[in-house]
Structures are given as C-alpha cells and as structure tokens.
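Each residue of the sequence shown is one higher than the last, beginning at 1 in the UniProt record's numbering. Cβ atoms here follow ideal geometry from the backbone N, Cα and C, with glycine treated the same way.
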Amino acid sequence: MHPVAPTTAPPPAVPVRAVRDAVDGPTFDRGVGYQREGRVVTVDWDPHERVLTSLVRGSGSRTYRCVISLDARLDVVDDHCSCPMRVACKHVAATLLHTGARPAMTSGRIPAAWNHALSALTTPATPPTTAQDAPPLALQIRVDGLPKHPTDTWSPSSLSLSARPVRRTAKGTWAAASDIGWETLRYSYGWSRTPVDPAARTWFRELYAMHLESRYMSGAWLALGQCSRYLWPHLAAAAELGIELVGPARSDVVRLLGSATLHLDVVADGDAVRVGPRLLLGDEEATAPVRGAVGTTGLFTWHDVNPRVLTLAPVAHALTEPVLALLDLPTVVVPAGDVPALMADTYPRLRRTVRVTSSDGSVDLPEPDRPVLVVTCDFTSPAAVRLHWDWEYALGGARARRPLVVTPQDAAVRDLDVEAEIVHRVEDAVHDLPRLGAFRVVAQHEFAGLAALDVAETLLPLLAGLDGVRTEAGDVPAYVALHDAPHVTVAVRDTTDADWFDLSVTVTVEGRDVPFADLFRALAVGDDRLLLADGAWLRLDHPALDDLRRLIEEAARLEDRPGRLRLNPYRTSLWADLTDLADEVEQSTTWQQKVDGFVRLLRDGPGPSTDRPVPATVHADLRPYQREGFAWLAMCWEHGLGGVLADDMGLGKTLQTLALVAHAREQQPDAPPFLVVAPASVVGNWAAEAARFTPTLRVVTLGETARRSGVPLADAVAGADVVVTSYALFRIEHDDVRALDWSGLVLDEAQFVKNHATRANAHARALRVPFKLAITGTPLENDVTELWAILAIVAPGLFPSAARFRDDVARPVEAAARPTADDATRAEAARALAHLRRRMRPVLLRRTKEQVAPDLPDRQEQTHLVDLAPAHRRAYDTHLQRERSRLLGLLDDFDANRLAIFRSLTTLRRLALDASLVDPDRYASVPSSKLDALLDQLAPVAAEGHRALVFSQFTGYLRLVADRCRTAGLAYEYLDGRTRRRGDVVDRFRTGSAPLFLVSLRAGGFGLNLTEADYVYLLDPWWNPAVEQQAVDRTHRIGQDRKVMVNRLVAAGTIEEKVMALAARKRAVFDAVLGDDEQAFARAITADDVRGLLEG
C-alpha cells in the first residue's frame, strides 16, 4: 500500500456499513480492490467542516479528486468525484475504506484516531427519515422510438426503454421533480430537500451507477438498455422497497416478468411451412405488435390499447445480433417445393445462430450429425506421405465435405465448437510423436523419412481410434523391419592430396545396402531408426552403430568442408578404432605406408632406431643431435609425413634440412626441386649455407617476380634442386607456384605463417606437395593458436579446426592464466596442455642448447636500469598521464580499439627511448638518457676488441644511435628493412673490422649467423620474448667460441619496466607448451595486461 500524506488531523475511520450505504454492491467491490492496490494517494480531513478530500489513481494514468461530507455518525451526506461517474464511484468507496485501513496517526495536539472513532458513539444522531415520512417514489418507464404519426415507418429494433425517478403528487399522479432527478443524484443534498426513504435513495443511486458503468449520461431520462445485467434483479427488488414501476400515463400498467425468450418457430401450413419469430414473456406468448429489446439483456412488448401495458423480462443469455434480427423478421411461408432446400441448407445455417423450434410439433426438425474430421493419406513413396484434412457433415442422409478453414459462406452451418473439440483431441493425441514436430491440424501436411513411417505405423492407427475422426488411406507401403546385426566395411583410398585420404564406410543389413549419407545423418541427429528407400527399416541402437557414429563425427571434425569424410595418417588412434569396429577393412598401400611411418615416429621418435647415414655430398661433420634430426627428417620424408623442426636458434636447423635434401636427391635424383620459403633477409643465407655444406645441390634464389624479371617461373627453376623464395614472392606468385611440381615445401622462420587467417598460411596449406617442413626456433610467440596455424600446414588434421582447437586447448589455457583461476580451471588447462604435447610429439622435434650443446660458451644476461634525465622525465610523465586517461577509456572494448591501444603504447615506448621520436621540434634539446648510457658502454667494448650487435625495434632510434656512433668515431654496419643488398652488409660485418652492427629487430633478428659478435645490446624491451631470443641467438649459436654478454637497457620508472615483467610471463608460457612446465599458461596480450603496463 502506498503511504498517504499526513494531514492537519487524522480522518475518522468510516465504518464499512456506511461505505456500503454510500455505493452499490459492484462499486463497493471495485473500491475494495482499489484500496488494496494502494491507489489512494492522499486523504485530508477537515474536522470543522467534516469533509474528506482525497486523490485516487484511476486505472489509467489519471488521478481523480474526491470530496466527501460526513455527518456525526460518519454516514455520507454528500460526495463528488472528478471522474466521469461523478458520484458514488469506486474512487469514493476506496477513499472511505482507506480511512478504516490506514495506520493510526497520532502526534502532538492532534486527537488520536480512536477518539474520532468513538466520538460518533457519543454524538447525538440525526433521526433518519422513515418510509412513512417520505412520499412514495416510482420508476417511470417509457417506450422510445414509437412513430408520432400512424403513417410513420418504424421497426422493432429501433425501439428502446428509458426511465426516470418520479414522486406521487398530492393529486395521486406521478410527476418528476428537479430535486429527485438523475443529475441531482450526484449530489446528496439534492435528495435531502425532500424527505426520501434512505433505502429508496440507495436503490435509485445504484440504478444510476449501473448506467454509468457502461456510458456517461446526461438528461432526465436514463436508457435502460445501457444498464448492466444487474438491472433485472434490481428492478425486481423495487417492490420490496415500495418503489413502483409505472408508465407515462396514470392508467398505464408495467409488468416485470421472470424470463423472456425469442426464437424461430417452424410450423406446418398444409404442405408448406410457416417460419417466423416467437416471443415468450414468462409463460405467455407475446401477441402485442410492438416489441423490442432492452439492450442485450432483456425483451419487452407494448400493448397500446387502454389500458396500455408494458411487459418486460430478462433473457437467460445475452442477445446476439442474429437473435435481435428476429424482432424485425416477419413470418414467411415456404412453398412445399422449397421445403427440402430449407431443411437441407437453410435450417442447418439457422440453427447455428438462433434457436429453432416447432411449437406445435408439426415439423420434424432433425438434429444434424456431429462433424467428422476426415484425413486422407497419399503415400508417394515409403519415405513420403501427404495428409489432407477436411470436415464431413451429414444431414438427412446426405453427406457434404467442408474445407478445414472456415469461410464466411459456411460459418453459419458448421458447429465450430465441436470442430474445435475434435481438433484439440487430435493434437493432444499426436503431441507424443516427436518426429511429427509441433503438430497442428492444418489443411495439408507433408512428411518424409521416418516421419512417413510414423504416419503409417503410429499416426493412422491412433487417429482411427479417436471419436469424430476417420482415416482414408490408399496403398500403404509394406514396411519391413530388419533385425540382423549391421555388417560394417571401412575403406581408405588415395586422393590427389598427399596428406589426405578418402574414408568410406559401408553398412549392409540382411543384404541391403544402407546409404552412408543417410546413416550418418540419422546417427548424427540421434534418430532411433533409419528408413531405407524400399520401405525396410532398421534400429540404430546397435552398439556398433553407436560407436560408428562417434568415430564418424570425429572424422568429420577433421574436414573443413561438410559432407565429405577424409582421414590423414596423423590420426592413427581414430583409424585403429575404425578397424576394430569394422567387419572388413580395405586400405591403399600408400595409406598403409604412411600409417606405419607415423606409428614408428610415435613409438620411437628421433634416435638410433631412425638412424640414417648422412649423404656423402654433405660437407660437414654433423653433431650427434644433428644426425638424429636429419634421420628424423628423412623418415618423415620417406613416409610423406610433415613435421616441425623447432630446435633452438643456432643449432643448425638449416644444415639438417640441407642434409635431408641431399638424402632425397640420392634416393630420387630426377625428382622436382624442394621449395624453400624464407624471410627476404635470409634468402641469400640459404644459398650461402648450401654452397658451403651441400655444394652439389643446385640452388636457385628468387628475388623478384617473373613479370619483373621477364623469366617465367618454370624456366627460372628448371634443373634446380632447391628453390629459395621470400614469403612476399610466395604470396604474389602463388598461382605459378601451384602449377609446378615440388618434392617438398620448407617454411623457414615459420612463425611468419603463424596467423592462420593470412594468405601466406592459406597458400602454404593449399600447396599440394608430398612433404612439408616448418623450421622455426619460436613456433609459439604470442598465442597457443599459432601452433595450430603451423601444424595445420605440415600435419593437417592432427588437430581439428582452428575453432575446435581454440575451444579445446586455447580457451582452457587462457582461463587458467587469469589471476582468479581456481584449481579446477588450472587442472583443466594442464590436461589440455598434456593433450597438446602428446599429439605434437611425433611431428615436432625440439632440442634446446642446454640439452644438445653443452660445449657452447655461457651466455650472461644483464639488465641495466637507466634513470631518465629531468627534462626527459617531465616529457615522459606529461604524455603518460594523457595516454593513460585515453587508454583506460578504450579498454572496455579491447578488440574494437586494439589498433588505437597499441598506437598509444608505442608512443610511450618511443618516449622512454627518446622524447624527440614523438615530437622532434618540441623535444629536440631533450637528451636521451639511454643513448648516453649506451655510448658509455660501447666505447670500452670496442676498445677492448669485442664486437657488438645493437638491436632496436624502432629504426628512427637506430639512426640516432648511428649518428652518435659516428660522432664518437665508432665504426658500424647498419641493417634495417630498407637496406639493399643485405647479404653484402652482413658479409662486411663478418669479414670486416667494424666493432658494431646496428640491426633492426624485425629485419635482422632471425636467419643470420653472426658469431663474430660476443656482445648484444637490446635497446627497447618488448613483451614478445621470442623475438628478443631470436636476436640474441644470432651470435649465441653453434660456432661461437666466446662467452656472450647480453645487455638490456631499460628506462627506469617507465612502461619498459612493465614490459619486462610481462615478457617474463610470456617466457613461462613458451616453456609450458613446448617444455615440461605445466604451471604456466599461454595467452595473447589482454586488456588486463595493458592496465598493468599503465599502473604506477
């Protein structure tokens, strides 16, 4: 209940008795509902004037104001409301009821509520007016709509009754008076000028309220047809209160009877039939010519002969339009020749809308048969059926079909209630047949497959047993159940794709072939049966078929294109399960060889059992781990299996691969060349390494497109053993590359295809070659899904699609990386990582320097924190605050704002190096603290005869380093992405005397052998530790005979310190996936990571 605002004095508690006296019964009930719903907003009480004033919320958005006067006994003397009813309304009732239901309000000098309530008992009451004191009242009723002149036309449907209060005069006549009119009933004082029996006043007010329930009125006469159905018991109660029902004239008689009926009467008239309306008032058949309706609740007649008599009575059911039309209907005679048509067509229509009788029993009125729902079944095949539904009506021995959908023309002749009952019964019965869907009776259904079988075996028998339904089926197919166990044959056949083989599964039952596509679809959706084209069907709950469904689903997940089943030799467990299940197995020789090879890789891995002699054409003494790596590669190649050679940088991956190519040339001297795709900066290195270690191999390097060189690709590579191209040319020339035959594809620095959405990755996957090899020291840099991108090239199908890999592996691992991860989440991630390593083990070979090169000199790493100069610090802090505010607003939608976020982070990283990198004009005079610290270290390093590699991601900063070195007299070589003839630059450093090599991290951080240097400087840390590791391994690799000193320069109190912490977590990720650490989990940089970079 809503609180009521306090007033100057608490209102008295009006008793329920007084409320009931003030309003009629229905209004009282609605007032109770309004009060309980808390619609009374405020109630004010003026104790001097004894007036209640309230605000009450209506049913809509309006609020109404009530003013109610009370006498000393708390009876209502007068009331008024701003609603259309004006007086004695539900808002007044709610207000009065609220005074008795409100909480007690007492404070200060205001008398308590109990005092007001009890004061009514001690206040002398005004003697009430009695019936003996009051003059008699009557309700005068007149017929409206009668013609004023005998020649005027009129119709019964235009007649109505209206009434008004009248009072007996001293002459004994009945007359209206202004003080007892309907309008003055809105105000109690209007009836108080002349003594009126309170009970009579209440009776008139209730009648007035009944009218206002349906329509607002004005004027002296009240239309009785607009009153509610409560009119009739109310009129019946008038006599008990001494209220007469009178007509306009003194001699008029008004009779109120208990009931009225109006129907159509059919009686014989010889061979003809008379049809006309019959009106009964009570038990009397009305003969008065003037008749009409009182709204839809009653009927009346008017006998305009002295004495004039008005007879009225209620009907049991509301009068419908067809029944009201009977008032205007004359009696008609149907000729004998038309009687059959009347009974066959018109009578059924009439009886749907009005009651039809034969009062003298002279005409036999048959009861029509109940409608029958007829379903006609048409089986076009054992797997297809059409159902047609319509209604059948029988009358007088004839039968007629009606459409299921009701038309305006036949609505009157149909029993719609019975039709609805039958339809409801059918739909309830069919509800339990799931294959028929959300079944509804409509004009036509079409069912296919198992649903057709259900129609024949279940639906038709079910419908035949329902009352009011008949089935008509033509030729129903002869369905046959197959009970024998299925016979399963599994076959694997070669395709043009070296990595994939077509998988076919054949099932037969009792000599019948079961179409595989239909079987797979039925198993996938969980059907319990399968229907064959000839009408035979089998159950699918056989254990062999259940296992087959699981295996087929697993095989289907390996294939991106739906509707095709293929298998690859990397899924030996799936093949083993299929062969265990099958009664017969057919497999190609190529498939068997690949599976055998993969099983050996899975069982043995690299080692003595896979040893191969190193070809004599390899001019190098391979270390033991390199021989094992070569032998592993040779076995992969011999069996047509791809792999990932993921040794640490500097362990001779190029040499091992060249040894494989030499081995392949020994075995297949006339085979096509191997295609090597590498970063542009490394293409020349491949040629140099091949010339050094395998000089008998003819190597062709591609530095420009065929269009630019003018030499077709086929001519350029003719006679080559190895063709080396860049990733850019591989992408541009892909169509020409695909047109040629290759012995294998080698992807050097395969992290270049770590994004499965790139064209380079898609081209590498699409290229059809017998063997694919990925070479990378960092198969994982940022995200676990990078592994899938590489493995999808060399071992397609080893894992399902990227989406499945993300769900099964990446997401559990990422969830465990969150600080809020619980033990269960971390355990799930550990299981996912174990599954990942177990699957990768046969196709990924990784050895670390610590494992296989113990003789490699130590590497000492040191981090130097550099304090920014005051001017540099001010510049950095100013931009930090600006970028921090901007970034924190972008992090709510990290993916959408990724570019803007990384742009801001790059700005902060540049500021930490040198403020002039962000604004050269503004910060030209601001010194770079890190550049000063770097020169302080480089000078003594060079003076002591050491040589150093200096790496930076930012070429702008690298040029500033070059300027300072030139000013300091320190010789250097320089390499970034725009450097021409990179091989010459590298050779100059390796064979020259310049102590420094300034290298862009992206352009020269991989594929180079720079063991001449023993110092490494990393000027700008990044959160991808794999990139830094590659840069360091340019010098810390096989061939290095000096201790390598790695120096990281980090600007203190800047984003660089945060980046170092993030990089440490990334290194743990790498170890978790590729090593044995199951406590770290992989994830790409996230919004939380960025927030961490901005803290402090």
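Apart from the 5 residues on each side of it in sequence, Ala962 sits with its Cβ closer than 7 angstroms to the Cβ of Tyr972, Tyr974 and Leu998 in its chain, given in chain order. In this structure, the beta-carbon distance from Leu532 to Val514 falls below 8 angstroms. In the structure shown, Leu207 adopts helical secondary structure according to DSSP, grouped into three states.
DSSP, read as helix, strand or coil, puts His424 in helix. Secondary structure of His48 (DSSP, three-state): coil. Each of Pro995, Ala524 and Ala939 was checked against the Cα of Ala968, and the nearest Cα belongs to Ala939. Ranked by Cα distance from Tyr230, the options Ala912, Gly282, Val294 and Ala268 are led by Val294. Per DSSP, the continuous alpha helix (DSSP H) segment holding Arg826 begins and ends at Asp823 to Met840.
Between the stretch 242-261 and the stretch 305-321 there are three or more inter-stretch CB-CB distances shorter than 8 angstroms, so the stretches are counted as touching. The continuous alpha helix (DSSP H) containing Phe693 extends over residues Ala680 to Phe693. In the three-state reduction of the DSSP assignment, Arg847 falls in the coil class. In this structure Arg1002 is in contact with Gly977, their Cβ atoms being roughly 7 angstroms apart against a cut-off of 8 angstroms. According to the DSSP secondary-structure assignment, Pro314 is paired through a beta bridge with Gly298. DSSP, read as helix, strand or coil, puts Arg990 in helix.
Here Gln592 is exposed, its C-beta having fewer than 16 other C-beta atoms within 10 Å. Between the stretch 309-324 and the stretch 333-345, the count of Cβ pairs shorter than 8 angstroms is below three; the stretches do not touch. Exclusion of the five residues before and after Glu1057 leaves Val1050 as the residues of its chain whose Cβ lies within less than 7 angstroms of its Cβ.
Exposure of Gly361 is indicated by the presence of fewer than 16 other C-beta atoms within 10 angstroms of its C-beta. With fewer than 16 other CB atoms across the displayed protein chains lying within 10 angstroms of its CB, Pro289 is exposed.
Rounded to the nearest whole angstrom, the C-alpha separation of Cys66 and His431 is 56 angstroms. Secondary structure of Phe516 (DSSP, three-state): helix. In this structure, Thr1054 is the residue among Glu944, Thr1054 and Gly956 with its C-alpha nearest to the C-alpha of Leu880.
The C-alpha of Ala774 lies about 6 angstroms from the C-alpha of Ala750. For Ile141, the three-state secondary structure derived from DSSP is strand.
Excluding sequence positions up to five before and after Leu836, its CB lies within less than 6 angstroms of the CB of Val809, all in the same chain and listed in chain order.
For the pair Leu146 and Gly242, the Cα-to-Cα distance works out to about 30 angstroms. Under the Cβ criterion (8 angstroms, minimum of three pairs), the stretch 92-101 counts as touching the stretch 28-38. Under DSSP, Met1045 takes part in a beta bridge, and its partners are Gln860 and Tyr1015. By the CB criterion at 8 angstroms, Ala394 and Asp428 fall outside the cutoff.
If you check the CB distance, Leu545 and Leu523 come in under 8 angstroms. When DSSP states are grouped into helix, strand and coil, Arg978 belongs to the coil group. About 7 angstroms separates the beta carbons of Leu70 and Leu52, which is inside the 8 angstroms limit, making them a contact pair. In the DSSP annotation of this structure, the continuous segment of the beta strand (DSSP E) that includes Ser952 starts and ends at Ala948 to Ser952. A residue is called buried when at least 16 other Cβ atoms come within 10 angstroms of its Cβ; Lys930 meets this threshold and is buried. For Asn782, the closest alpha carbon among the candidates Leu161, Leu281, Val1027 and Ala316 is that of Val1027. The three-state secondary structure of Val1032, taken from DSSP, is helix.
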